[in-house]
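What follows is a single structure, written as structure tokens, with notes after it.
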Amino acid sequence: MTITITAFERSPDGGKGLARDTRVRWALEEVGQPYEVRLVSFEDMKAPGHLALHPFGQIPTYEDGSLSLFETGSIVFHLAEKHAGLLPGVPDARARAITWMFAALNTVEPPILELVTARIFEADKPWSEERLPLVKDRVRARLDQLSSRLGDADWLDGAFSAGDLLMVSVLLRLRPSGLLDEYRNLAAYVARGEARPAYIRAFAAQFAINAPSPS
Ligand SMILES: N[C@@H](CCC(=O)N[C@@H](CS)C(=O)NCC(=O)O)C(=O)O
């Protein structure tokens with residue numbers, strides 16, 4: 001059975017790997033599962049065929065035989081449960097790694113998304129300049145805490161896990177803002193994630209689709 005995921009026909013980030021199909025590609029590469037990609041336009045995403053797979057009309061989706069999933073946390077968790085390599089076998093360590101998956105998506109990603117929205121979609125609003133520092137400080141509050149917890153460790157809890165995969169993916173979205181570079185250990189943590197062969201393959205695959213064509 002072939003695994004098929006969906007991705008933007010043309011990602012708004014022009015191949016920086018920030019669209020969420022990259023984290024699913026990364027998980028698939030980590031667990032050694034081949035996959036195919038169905039590219040969708042913004043129009044396709046809101047059409048009934050795609051809405052049947054994803055009720056919110058977004059990417060990525062995941063199909064494997066009769067199973068179809070949406071939400072990157074759920075897809076990465078499914079892959080980590082089904083294949084070795086992304087979650088520890090020892091029950092307590094496994095539960096802690098899953099906790100980091102939730103922390104990445106529920107606690108760290110929301111203020112980062114707020115910053116992305118403020119920088120990109122609200123930049124032309126008259127109140128944008130006044131609000132931006134507040135939004136940045138909310139991100140910093142989370143990064144301060146994450147940075148203290150990580151300390152000098154390579155990964156959040158022992159060996160690399162799906163928790164790290166999602167946390168690195170979430171932190172990567174901060175790079176254009178410059179905030180990540182304020183935290184030496186978090187910048188190094190993200191760089192360690194990006195250096196993993198599975199991430200390199202995932203990044204290259206999405207880049208091949210989204211890189212700006214030479215004019
Ligand atoms: N919580 C969802 C978010 C999915 C999401 O926001 N996808 C974006 C691309 S990264 C999208 O499809 N945006 C287009 C839209 O919402 O219309 C997940 O983690 O899968």
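Position one of the sequence shown corresponds to residue 1 (the UniProt record's numbering), numbered consecutively onward.
A virtual CB, placed ideally from N, CA and C, is assigned to each residue, including glycine.
- Secondary structure note for residue 209: its alpha helix (DSSP H) is the uninterrupted segment 197–210.
- Across the structure, residue 206 and residue 59 are spaced so that their CA atoms are roughly 13 Å apart.
- For residue 61, the three-state secondary structure derived from DSSP is strand.
- Here residue 70 is bridged, per DSSP, to 61.
- Its chain contains 154 as the residues whose beta carbon lies nearer than 7 Å to that of residue 192, once the 5 sequence neighbours on both sides are disregarded; these appear in chain order.
- Secondary structure of residue 35 (DSSP, three-state): strand.
- Residue 100 and residue 73 have their C-alpha atoms some 11 Å from each other.
- Within the DSSP secondary-structure output, residue 2 pairs in no beta bridge.
- In the three-state scheme derived from DSSP, where H, G and I count as helix and E and B as strand, residue 108 is classed as helix.
- With contacts defined by Cβ atoms closer than 9 Å, residue 114 and residue 138 form a contacting pair.
- Residues with their Cβ less than 5 Å from any non-hydrogen atom of ligand 1, running along the chain, are 19, 20, 58, 59, 71, 72.
- By the Cβ criterion, the stretch 4–12 is in contact with the stretch 44–63, since at least three pairs of Cβ atoms, one from each stretch, lie closer than 8 Å.
- Rounded to whole angstroms, the separation of the alpha carbons of residue 152 and residue 51 is 44 Å.
- Closest in alpha carbon position to residue 171, among 144, 90, 127, is 144.
- DSSP places residue 40 within a strand segment (E or B) once states are collapsed to three.
- Here residue 62 is not near residue 83, since their CB atoms are 9 Å or more apart.
- Comparing alpha carbon positions, the residue from 2, 11, 40 closest to residue 67 is 2.
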